[in-house]
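So for the sequence shown, the numbering used here puts the first residue at 8; every next one is plus one. Ideal Cβ placement from N, Cα and C applies to all residues, glycine included. I have placed the structure first, in the form of structure tokens, so that the comments after it can refer back to it.
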Amino acid sequence: MLPSSICSMGQIPRISPHSYGMLPKQMSKGHPSMITRGGVEKGEVGGNVQSLQVMHSKELQAKIRKQLQRIELSPSLYDTAWVAMVPKRSSSQAPCYPQCIEWILQNQHDDGSWGINSSSLSVNKDILLSTLACVVALKKWNAGSYHIRRGLNFVGRNFSVAMDVQNIAPVGFNITFSGLITLASGMGLQLPVWQTDIDEIFHLRKIELERDAGGTISARKAFMAYVAEGFGNLQDWDQVMAYQRKNGSLFNSPSTTAAAAIHSFNDRTLNYLDSLTNKFGGPVPAMYPQNIYSQLCTVDALERTGISQKFAREIRDILDTTYRSWLHNEEEVMLDIPTCAMAFRLLRTHGYDITSAKLLKQQLLSNKLSTSAQSEVEYVLKFPLHSTLDRLEHRRNIEQFKVEGSKVLKSGYCGSHSNEEILALAVDYFHSSQSVYQQELKYFERLDELKFARVMPLIVHFISTATMFAPELADARMVLSQTSLLVTVYDDFFDCPETSREEKENYIALIEKWDNHAEIGFCSKNVEIVFYAVYNTYKQIGEKAALKQNRSIMDQLVEDAMMVEADWTATKYIPSTMEEYMSNAEVSAAFGAFVCPPVYFLGPKLSEEDVKSEEYTQLLKLTNVIGRLLNDSQTYRKEILAGKVNSVLLRALTDGGDTSPESIEAAKKVVKCFAESSMVEMRKLVFSEGGPIPRPCKNRFWEMCKIVFYFYRENDAYLTPKEMMSSARAVILDPLQLTHSPSCLGTLSL
């Protein structure tokens, strides 16, 4: 049920029940014509402006779709410099890739630096690293003396950045940067810095190497090989070559591979570099190949910002390709930890049959990951799929979206060229969706005539919008909000101390009679109010669902309404074992009253045989079990005072023999574990293929369980009303607070 602290209304007020359900009369024949798919009332905004917005949205989608189909890679000045240092096979006195030298000469910035984002006001470690690498590359072939001098001056002016531990550092920076200092010194280059500063860099290098020793031996060796260019002649290059991949590269890293080619003259490394420079010309990327990773980054950005449904076909193709690579244990996926982590999370989210990769936990423990890679792995391993609500996550991700999309390996580079378009499209879509939600909310705010003081329409509608957020799901959203309000009403009716046993039994009898309720009559005004609220609203839902489904679904809706009877009847029965209790919970919990009616408004047709199928029955059973267990974990104190039992109390009595605080805490952990395992079972059922229930309908059960989980927190408490109201406003009312406003933002979002 909804948390009583948020939605409970207490004493049912005495008002006339006739001629209305939970919605005003204006809603009885469907949604008003004024609500358009774009969420703007006709007449509020001119048609030309709306047409421009549609055109703008299509343009953004086209650009993003192009990026999904053909990945554009950004150049890495650091890696280009290392490839430029590789000598010819026939002569160590000439560069093997002069086009890289030429590109370096042509791409120095006005301030003497090389690197991405050097036009920004701040200098970062990647720019410093790239600049020194380019200086060393030019010096090796005695090219561009003017460029070298300007580059050295830039390094000297900004050398303090290298010692700033708060500045984001590329992977292994203290090793690679100090290695370049050694190379520069060996070439006779004089850095315009104090010797004490250089000593500090080598001190930081020592610290990094000592810190590295804390990982596993295999992880330490892999890390040392990945940053092998930083060790030069001190490195055992035979050990490094053990990490060579089928394509000839080391870690798909041009810089590591180039260093290996310089020190070992391995033909396969040179073949890899040949193919790299033939493809890209002068500049090279920081990682190649990285098609899968870059595509997954774009897919991830689309999903995190809530616009992935606009690219469903492209995303499915990408994930199918990634899944084949996963099954074949291909190097591009399995040997690159960030790619492996992202592939695992996205494939699992989309229901592909994969098992948790032990490699992820090993890498997290090894302490060898970059900050960004480590956070990705931690996210995959820590957070279950059901821990958050979609629309809240979308808002948070949009507001924190980094347009530059720079992911740092050994050098910074932009993983996607479509981030500006993604952010602009996400902002437009979020705001237009909010306008739809706000129009819907106006009708629930007219429930003042019912005088249910503590029933808050904003929070109830938030529950609907948080998971069924697409504007085109308006019908399903409205039905869920209606049924949520209904469940709140009769839940409070049964929980209210002033409600007599006679009134409860009268209500149940009325529900059982349904259309023939006049045969029984009402024992009180309160019963009449609650019954007609349920009866009229379900009639309205049934009429509209019949048009969607091309059949009457009233029998199923009446069964949903009767769930509360089973719920209340079960409270009179006191089971003696956990098994008995759970067998009752499977049929008595009223969560089906939330989830079942909206499924008829999602698009797919559901026959009577479908809703009686084993798959549908199991979905409903698991929803009730999960809801019951999580509710029990919060209400056991109340049950103790009322002399009732629930799963926590039964488990405490069974395992500990008493209801001491220690036994209760242990029992709560067991109950929550059971709920978590039931959620895993639910996920498998939702993502399984071949059953009669369409995936969008199965998703509704999954999302209902996510809502239930959202009500509970790690500190074992419901969200406070203030927290819930804040979340509701964030989804429905409050405009986005962007940290970066994209240049291609649509006019209606400005």
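With respect to the alpha helix (DSSP H) encompassing residue i, which residues constitute its N-terminal and C-terminal limits?
| i | result |
| --- | --- |
| G186 | 180–193 |
| L519 | For clarity, residue 519 is Glu in the given sequence; the question names Leu instead. Note, E519: alpha helix (DSSP H), 508–520. |
| L657 | 654–662 |
| G313 | Unbroken run through G313: none, as it is neither H nor E. |
| N631 | 621–649 |
| H438 | 426–451 |
| N114 | Note, N114: premise wrong, no alpha helix (DSSP H); not H, not E. |
| K551 | 532–556 |
| S471 | 464–472 |
| K146 | 132–147 |
| K676 | 668–694 |
| Y153 | 152–164 |
| K286 | 274–287 |
| R484 | 481–502 |
| L354 | 344–356 |
| I224 | 224–233 |
| V602 | 599–602 |
Could you tell me which residues DSSP puts in a beta bridge with residue i?
| i | result |
| --- | --- |
| Q407 | Beta-bridge pairing links Q407 to no other residue. |
| P94 | P102 |
| L257 | Q251 |
State the Cα-Cα distance for the pair residue i and residue j, rounded to the nearest angstrom.
| i | j | result |
| --- | --- | --- |
| K628 | G599 | 9 Å |
| Y104 | V306 | 35 Å |
| R635 | A540 | 25 Å |
| R320 | V677 | 41 Å |
| V5 | V738 | Residue numbering for the chain in the displayed model covers 8 to 757; residue 5 lies beyond these limits and cannot be assessed. |
| Y607 | I560 | 9 Å |
| W148 | I78 | 33 Å |
| Y514 | T329 | 55 Å |
| S262 | E338 | 18 Å |
| F451 | Q547 | 15 Å |
| C141 | I111 | 7 Å |
| L660 | Q489 | 39 Å |
| M686 | K213 | 47 Å |
| D360 | C347 | 15 Å |
| K317 | T495 | 35 Å |
| Y436 | P728 | 28 Å |
| N533 | Q556 | 34 Å |
| K95 | I108 | 13 Å |
| R218 | N278 | 35 Å |
| L609 | E616 | 18 Å |
| R558 | L492 | 26 Å |
| F351 | Y444 | 34 Å |
| E621 | I224 | 51 Å |
| T395 | L187 | 45 Å |
| A91 | L303 | 30 Å |
| G364 | R252 | Strictly speaking, residue 364 in this sequence is Ala, with Gly absent from that position. Cα to Cα, the separation comes out at about 21 Å. |
| H747 | A69 | 22 Å |
| D327 | G528 | 60 Å |
| P742 | E66 | 24 Å |
| Y542 | E519 | 11 Å |
| R157 | T138 | 10 Å |
| Q74 | D499 | 53 Å |
Return yes when the Cβ of residue j is within less than 9 Å of the Cβ of residue i, no when it is not.
| i | j | result |
| --- | --- | --- |
| Q60 | G289 | no |
| A232 | L257 | yes |
| L80 | V143 | no |
| I208 | N181 | yes |
| I123 | I429 | no |
| V693 | I633 | no |
| V247 | L198 | no |
| D117 | Y85 | no |
| S440 | T472 | yes |
| M589 | S695 | no |
| D204 | S167 | yes |
| L745 | E406 | yes |
| L135 | A169 | yes |
| A267 | A235 | yes |
| V602 | F708 | yes |
| M732 | L465 | yes |
The ligand NAP heavy atoms versus the CB of residue i: any closer than 8 Å?
| i | result |
| --- | --- |
| H210 | You won't find the ligand NAP in this model; it holds no ligand whatsoever. |
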